[in-house]
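This report concerns only the one structure given below.
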Amino acid sequence: MKTRAAIAWEAGKPLAIEEIDLAGPKAGEVLVRIVATGVCHTDAYTLSGKDPEGIFPAILGHEGGGVVEEVGAGVTTVQPGDHVIPLYVPECGECKFCKSGKTNLCQAVRSTQGKGLMPDSSTRFSKDGNSIYHYMGTSTFSEYTVVPEIALAKINPAAPLEKVCLLGCGITTGIGAVLNTAKVEAGATVVVFGLGGVGLSVVQGAVMAQAGRIVVVDINPDKFELATQLGATDCINPKDYDDPIQQVIIDLTDGGADYSFECVGNVELMRAALECCHKGWGESTIIGVAEGGKEISTRPFQLVTGRVWRGSAFGGVKGRSQLPDFVDRFLAGDIQIDPMITQTMALDEINTAFDLMHAGQSIRSVVLY
Ligand code: NAD
Ligand code: AHE
Ligand code: ZN
Ligand code: ZN
């Protein structure tokens with residue numbers, strides 16, 4: 138069949154909206170009509186050419202919501218008409234990782250996924266007979282996409298896909314990092330570095346965890362109004378201070394954060410996020426994705442004296458078994474999505490979404506097919 142898609146032909150160039158070919162789902166695969174997709178900073182990161190797994194030409198996009206159109210042989214858990222969110226962290230339920238009970242990082246298809254391929258090592262997208270690569274196993278910047286069955290969360294059909302698509306990455310990542318990874322407790326002091334869709338969702342998660350104080354840090358003060366509306370208690374722009382930001386936070390919080398979250402992808406900020414934590418018990422969770430070749434560092438004394446460094450992917454959420462509950466919590470009014478959607482646009486305008494993100498003028502743009 139034909140599908141309209143935004144193609145990343147090469148790194149650093151705008152996406153091209155074109156009609157391309159899409160082969161049907163093979164065994165264990167599902168054809169999904171994407172109804173809406175968010176644009177996450179990770180899409181911009183890969184498009185920039187700095188992602189060591191970035192491969193071109195590719196169809197980016199990993200924050201989508203859609204409807205099952207057709208299933209391949211052997212598919213039993215979804216059927217045409219089901220509403221689904223594609224998962225860049227799938228859940229097979231059978232691999233060592235799924236069975237461990239210790240992680241959401243299912244590895245069943247990770248190696249082919251990282252090479253832009255379906256599990257049988259081929260692509261379903263092509264143009265003029267030449268393959269176009271998949272991305273993060275989801276490729277939601279195409280009106281139709283093919284994904285493995287294990288990479289679909291079946292959700293409540295009452296949920297508006299043009300909103301809950303954002304649960305496919307940023308919002309779930311932020312809330313999950315607080316509740317699943319850090320396990321923030323009531324009364325805790327939380328510090329959030331970076332107030333994009335991810336950081337603002339950490340704020341939301343901290344409110345859900347009944348944190349006592351939520352300090353937010355961003356170099357773009359335009360982000361502070363929404364952060365405060367969502368529950369931030371203190372807003373800090375590092376540019377307003379001469380001291381290193383970790384010292385500013387230690388002074389402000391009587392010795393440091395109980396929990397901090399890095400939601401930018403900047404290794405110097407990751408260090409600050411660790412070092413602003415309270416001696417003896419403070420825990421810092423890295424969510425931001427730093428470009429290939431970057432490394433984190435701190436004095437080991439920071440860890441010897443009780444601080445803990447962690448990381449979180451997709452908020453530690455197991456997509457098939459736990460994401461449907463996030464959708465239901467949105468429907469129940471317990472998770473806010475609307476304030477995150479700052480722009481909506483047609484696929485033809487998708488490059489504007491990247492421009493707005495880079496200009497600091499959006500939280501999430503949602504592309505409506
Ligand atoms: P975004 O671009 O919407 O927001 C980033 C924010 O960081 C902006 O508000 C920006 O002003 C701020 N910022 C930039 N430099 C800063 C600095 N030096 N100090 C303080 N603030 C600074 O991005 P997003 O979509 O929210 O994603 C955030 C990061 O999380 C990215 O690195 C993305 O790749 C990553 N991410 C990781 C996961 C995961 O599962 N681990 C999931 C989604 C996104
Ligand atoms: N290819 C990248 C990996 C970037 C990365 O860490 N991705 C996160 C999700 S970001 C969503 O916006 C993730 O899930 N990581 C776990 C995994 O298996 O990739 C790079 O930098 O190499
Ligand atoms: Zn993302
Ligand atoms: Zn698995």
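Counting with my numbering, you get residues 138 to 506 for the letters of the sequence shown. Note that the Cβ used here is the ideal one computed from N, Cα and C, for glycine as well. Quick caveat: nothing in here was measured; it's all calculated off a predicted structure.
- Query: With DSSP run on the structure shown, which of helix, strand or coil describes LYS139?
  - Reply: strand
- Taking LEU440 as the reference, give the member of CYS414, ASP380, LEU460, GLN250 with the closest Cα. CYS414
- LYS264 - partner residues in DSSP beta bridges: ASN267
- With distances taken Cα to Cα, identify the nearest neighbour of TYR272 among LEU367, ASP265, VAL283. VAL283
- Task: Buried or exposed for ALA325, please, with buried defined as at least 16 other CB atoms from any protein chain shown within 10 angstroms of its CB.
- Result: buried
- Item | Within 7 Å, strictly: CB atoms of LYS291 and VAL246 | no
- Query: With 7 Å set as the bound, which would you pick, yes or no: does the beta-carbon of GLY368 sit closer than that to a beta-carbon of chain C?
  - Reply: Looking for chain C here will not work: only one protein chain is present.
- ALA181 to THR214 span [Cα, whole Å]: 32 Å
- Report buried or exposed for HIS495, applying the criterion of at least 16 other Cβ atoms within 10 angstroms of its Cβ. exposed
- Cα-Cα separation, THR442 to LEU298: 46 Å
- TRP418 to SER397, Cα distance in whole Å? 12 Å
- What is the chain-ordered set of residues for which the beta carbon lies under 5 Å from any non-hydrogen atom of ligand 3? CYS177, THR179, CYS306
- Should the segment 192-209 be called in touch with the segment 160-178, which here means at least 3 C-beta pairs below 8 Å? yes
- Helix or strand or just coil, what does DSSP make of LEU242? coil
- Message: Looking at ligand 1, does it come within less than 6 Å of GLY333, judged from the CB to the closest heavy atom?
- Response: yes
- Of the choices ALA490, GLY161, GLY201, whose alpha-carbon is the least far from that of LEU184? ALA490
- Query: Start and end of the alpha helix (DSSP H) containing GLN480?
  - Reply: Looking at the DSSP string, GLN480 is not in any alpha helix (DSSP H); the run it does join, the beta strand (DSSP E), is 478-483.
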